[in-house]
Amino acid sequence: MIYLAITPQGLHDILEIAKDRQIHVWCGADALSESAFQELSFNGLTRFNYPLWNADALTLEDALSTIKEHHPGERIWVEHGA
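Heads up: the sequence shown at position 54 corresponds to 361 in this note's numbering, and the numbers run straight through without jumps.
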């Protein structure tokens, strides 16, 4: 399973779930700082170097395209809030 976290809370929630499972998590730069990313010991986490919260459709499509390149044929779950 591949998960794209958009917010810090969404990232926190999925990392709690992903601890003992084979879940790959991607997040935007605004969901996790560079220093916090370096301190985390979660092997399946990838951090974009640009923000995704309130990003336009083109930016989100670019992020999804990158994830698809790294995980071809896999379903990608995207955080969506109300």
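Ideal placement from N, C-alpha and C gives every residue a C-beta, glycine not left out.
When beta bridges are read from the DSSP output, Tyr310 appears opposite Val332, Trp384. The secondary-structure analysis by DSSP pairs Leu352 across a beta bridge with Val332. Per DSSP, Pro379 lies in no alpha helix (DSSP H) segment and is marked neither H nor E. Only buried fits Ile321, as 16 or more other CB atoms lie within 10 angstroms of its CB.
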